[in-house]
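Each residue of the sequence shown is one higher than the one before, starting from 5 at the first, in my numbering. Glycine included, C-beta positions come from ideal geometry on N, C-alpha and C. Every value quoted in this text rests on a predicted model; they were computed, and no experiment measured them. Working notes for the structure below.
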Amino acid sequence: MRLLSCPVLHVFVAFAIALLSPAYAREDVVVLTSYPEEVFSRFEAAFERANPDIDIQFVWRMPHDALPSLRSDRNARIDVYWSPAYRNFIALSDEGLLAVLDVDRTQLPGRAGPLQFSDPQGRYEGVEMASFGIVSAPATLAVHGLPIPREWSDLADERFDGLVLFPIPSKVGFASTLVDGVLQSLGWRDGWSLLSRIAAFNRLIDGSGAFISDELRGGEAAVGLTIDFFARSAIANGAPFVLTRPTANGYSFAHVGVLTHAAHPAAAHRFVAFLLSPEGQQLLGDADVAKLSVRPSSYQDASAFGLSPFDAPDALALRYDPATGIARSLVVAALFDAMITRRQPILRDALRKLRRAEQAYAVRPDRAGREAIEDATRHLEALPLNAEQAADANLNRTFDERRRGDPRALARAAEIEREWDRFFDVHTRAAATRLADIVGKDGTPPSPCSPLHVRAARPVVLRFGILVRYRFR
């Protein structure tokens, strides 16, 4: 075997030493995320092209598993947390587990109008946003002679009965924020009233936004309530859908943060900087990602992102408070199940009778009918707790601890839900009783001489107790 000559050997050894020196060594950065591989792989490839000296590794965890991992990883290997799980970022920040980020606020304001989506203390930063909307299949709507719905209230029109897919908040991750956006925009009572009038007459689903797209493609439904990126991605890939964003709305965000115990802090901060850079933000516009950028300059190319949330700072959706929404999300989901999911057939029957009564008495002046309708409406809109009570820290802690399997919380939450079930049952029966006074089984008001109206009439008698006639109210 021929040995290398001395000069060549010296060069080879010098090159090998250089490769092993800090200047040439590739640094690792470990990112914990809940994004699917088809999303994070795009960012991985682009980041490593721009940063060839850094080797990025991803660890996948669902949001409810991520927090325990990050809390117990103080001396371990996770450098960056990148996820839509806003609740986790609040907890990590409160526990002092997130480092302060260096962000250029001239390019990344961290808010759109009054809507704050980044931590004011700089410990976690908004990376992307998504709003909620109505995705429609125009061809299916045309078969039923229906227009494209643009506001949530459009879906309460009985012509849409059976054609709408409504995600259940306790089963579908984005649905709790969708529902809370309506509640914050319209108010607690009016919001629940509208939601119940839509959900009672339509199909409740426990599948994702991708499932909604599949159902619309197959003609099984005409409309779905969704987070916008599922619809935008389907449309970008050729689906014949239309997405509309109602005025009463909310926003969902993904965030990124660097752990205080990061083993590779410099590389971690470079990855965060890449996510927030024009190049990183542009990847959000890809058809298979379809998220909204947090960088206002990204919207100069309208074809990539569409409507900019930064162009309408006074929009109703931008008054949504994500902190309020996330704090009460489990209570909202549980209340939806008590009010709607577990009793949909009963609620549907009561609301159908109320509809018929409203339609019938809209064209005939009748005080008894109007009073009965008002009473029935009050019963059907009654709620076991108000917005302030829904925000109670102890109540929300109970449902949060139930989610984590705490036995005492499981028992207490079940007791609360039974109380809510009884509350709704009592009020639904009371509404049915009032409506029975003015509406027959076929949903029509009785004639003045029918037994129903006689029952509601006040007899007028002579002094000697002889019945003369009925006076109708």
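Hey, would you say residue i sits closer than 7 angstroms to residue j, going by beta carbons?
i, j, result
"Phe278", "Ser297", "no"
"Glu41", "Ile58", "no"
"Ala386", "His431", "yes"
"Ser200", "Ile344", "yes"
"Pro250", "Trp156", "yes"
"Ala342", "Trp424", "yes"
"Val104", "Gly126", "yes"
"Leu220", "Ala160", "no"
"Ala380", "Arg438", "yes"
"Gly195", "Leu187", "yes"
"Lys357", "Val293", "no"
"Ala435", "Ala354", "yes"
"Leu71", "Asn92", "yes"
"Phe275", "Phe121", "no"
"Val33", "Ala271", "yes"
"Leu112", "Tyr128", "no"
"Arg3", "Ser73", "The structure shown does not extend to residue 3, since the chain is modelled only from 5 to 477, so the question has no answer here."
"Leu169", "Arg207", "yes"
"Pro118", "Arg323", "yes"
"Phe427", "Pro369", "no"
"Phe44", "Phe62", "yes"
"Ala95", "Pro67", "no"
"Thr144", "Gly223", "yes"
"Ser87", "Ser38", "yes"
Whole-angstrom Cβ separation of residue i and residue j, contact assumed at under 8 angstroms?
i, j, result
"Gly261", "Asp184", "That pair is no contact at about 23 angstroms."
"Pro313", "Ala116", "4 angstroms"
"Leu36", "Glu132", "In fact, because the Cβ distance is near 17 angstroms, the residues do not count as touching under 8 angstroms."
"Val139", "Phe245", "5 angstroms"
"Asp106", "Ala267", "Actually they do not touch by this definition, with Cβ atoms about 19 angstroms apart."
"Gln286", "Ser301", "Incorrect: roughly 10 angstroms between the Cβ atoms, too far for contact."
"Ile239", "Leu229", "Between Leu229 and Ile239 the Cβ distance is about 16 angstroms, and since that is not below 8 angstroms, they are no contact."
"Leu150", "Ala225", "With 8 angstroms as the limit, Leu150 and Ala225 do not qualify as a contact, their Cβ atoms being about 12 angstroms apart."
"Arg281", "Ser180", "According to the sequence displayed, residue 281 carries Ser and not Arg. Ser281 to Ser180, Cβ: 31 angstroms. No contact."
"Thr264", "Gly100", "7 angstroms"
"Glu162", "Arg359", "7 angstroms"
"Tyr365", "Arg352", "Actually they are not in contact, since the Cβ atoms of Tyr365 and Arg352 sit about 21 angstroms apart, beyond 8 angstroms."
Could you please give the first and the last residue of the uninterrupted alpha helix (DSSP H) stretch that includes residue i?
i, result
"Leu355", "348-365"
"Gly126", "Run containing Gly126: none; DSSP gives neither H nor E here."
"Pro326", "326-331"
Would you mind reading off the limits of the beta strand (DSSP E) that contains residue i?
i, result
"Val131", "129-140"
How about residue i: is its Cβ closer than 6 angstroms to a heavy atom in the ligand COA?
i, result
"Asn55", "The model depicted lacks the ligand COA and carries no ligand whatsoever."
**Message:** Runs of 4 residues minimum, wholly inside the stretch 147-235: which ones carry the alpha helix (DSSP H) assignment?
**Reply:** Considered as a whole, the stretch 147-235 harbours 179-190, 192-203, 213-221 as its complete alpha helix (DSSP H) runs of no fewer than 4 residues, in chain order.
**Message:** I'd like the ranges of any alpha helix (DSSP H) spanning at least 4 consecutive residues and lying wholly in the stretch 33-94.
**Reply:** The DSSP assignment places 41-54, 67-75 as complete runs of the alpha helix (DSSP H) inside the stretch 33-94, in order along the chain (cut-off: 4 residues).
**Prompt:** Counting pairs of Cβ atoms below 8 angstroms between the stretch 232-250 and the stretch 214-221, do you hit three or more?
**Reply:** Yes, the stretch 232-250 touches the stretch 214-221.
**Request:** Decide yes or no for the touch test of the stretch 401-411 against the stretch 191-205: beta carbon pairs closer than 8 angstroms, at least 3 of them.
**Result:** Contact between the stretch 401-411 and the stretch 191-205 is absent, because fewer than three Cβ pairs lie under 8 angstroms.
**the stretch 173-180 contacting the stretch 335-355, beta-carbon criterion three pairs below 8 angstroms** = By the C-beta criterion, the stretch 173-180 is judged to be in contact with the stretch 335-355, since at least 3 inter-stretch pairs fall below 8 angstroms.
**Unbroken stretches of the alpha helix (DSSP H), 4 residues or longer, contained in the stretch 381-444** = Within the stretch 381-444, the complete alpha helix (DSSP H) runs of at least 4 residues are 391-394, 397-407, 411-440.
**Message:** My parser needs the beta strand (DSSP E) runs of 3 or more residues fully inside the stretch 235-293; what are they?
**Reply:** Taken in chain order, the whole beta strand (DSSP E) runs of length 3 or more contained in the stretch 235-293 are 246-248, 255-262.
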